[in-house]
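Written out below as structure tokens is the structure these notes cover.
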Amino acid sequence: MRRGKVELKRIDNKSSRQVTFAKRRNGLLKKAHELSVLCDAEVALIIFSTRGRLFEFSTSSCMYKTLERYRSCNFNSEATATPEPELSGYQEYLKLKQRVEFLQTTQRNLLGEDLGPLNMKELEQLENHVEISLKHIRATKSQQSFDQLLELKRKEQKLQDVNKDLRKKIQETSAESVLQMFYQDDGPSGSSGHANQANQQQHVHPDCDPSLRMWYDHAYLDHLNKE
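Just so we're aligned: 179 in the UniProt record's numbering is position 179 of the sequence shown, and the numbers increase by one with no gaps anywhere.
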């Protein structure tokens, strides 16, 4: 019995559409791989899902080698029909587009996404790039932490110096206050006290022994304290 022709149209059911996409996508990737192995052909396959996810297959180590080959063949065939200014502008556009796609793919790979099409060598290279990036990040982080520690130590030393100066000023101010209080406590007897000191000093010979002079001064201070 002959099989009837199936009409191709968009699948309305979302779940069925996703299941069909996954099955057909895997089958298409498998066929592309078989074609490259059986016929020794250079194959490049790019698929974008409705969500914008990229699925690709390439027999070469880099997809862009095959795209560059395709671009060269396509430009050679259209060189006679395309004016030179438009051709150079379109070439620049394709270069930028390929560069953007390459950066987007690299970014996804660094995030651990879309690693299926990569072979063992490319995975090892990606792992090395990630390790080098981690080393740079850790070194920068350590340097910034060390710089912050030095800055904190410098501020701490500055605060200690300021505290030392303030303590010294407080001690000097306290000493001056004690002297002022001592002279104020003498009060009205201050003049008589000074007169008595002058009279007592007149009885001491200027050429006397310094130890006797010190004893006399201490005796006089004790006398003022008793008064």
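Where a beta carbon is used, it is the ideal one built from N, C-alpha and C, also for glycine.
In this text, all values refer to a predicted model and were calculated from it rather than measured experimentally.
- Between the segment 68 to 75 and the segment 129 to 137, the count of C-beta pairs closer than 8 Å stays below three; the two stretches do not touch.
- Contact between residue 29 and residue 54 does not hold, since their C-beta atoms are separated by about 13 Å, which reaches or exceeds 8 Å.
- For the pair of segments examined, the segment 87 to 105 was found not to touch the segment 137 to 156: the number of CB pairs separated by less than 8 Å stays below three.
- In the assembly as shown, residue 120 is an exposed residue. Its beta-carbon has fewer than 16 other beta-carbons within 10 Å.
- A straight-line Cα-Cα distance of about 28 Å links residue 15 and residue 109.
- Of the residues 123, 104, 38 and 48, the one whose Cα lies closest to the Cα of residue 61 is 123.
- The Cβ-Cβ distance between residue 25 and residue 47 falls below 7 Å.
- Per DSSP, residue 29 is not a residue of any beta strand (DSSP E); the alpha helix (DSSP H) it occupies stretches across 14 to 39.
- Looking at the DSSP output, residue 54 sits in a beta bridge with 48.
- Under the three-state reduction of DSSP output, residue 162 falls in the helix class.
- The DSSP-derived three-state label of residue 10 is coil.
- Between the alpha carbons of residue 117 and residue 8 lies a distance of about 29 Å.
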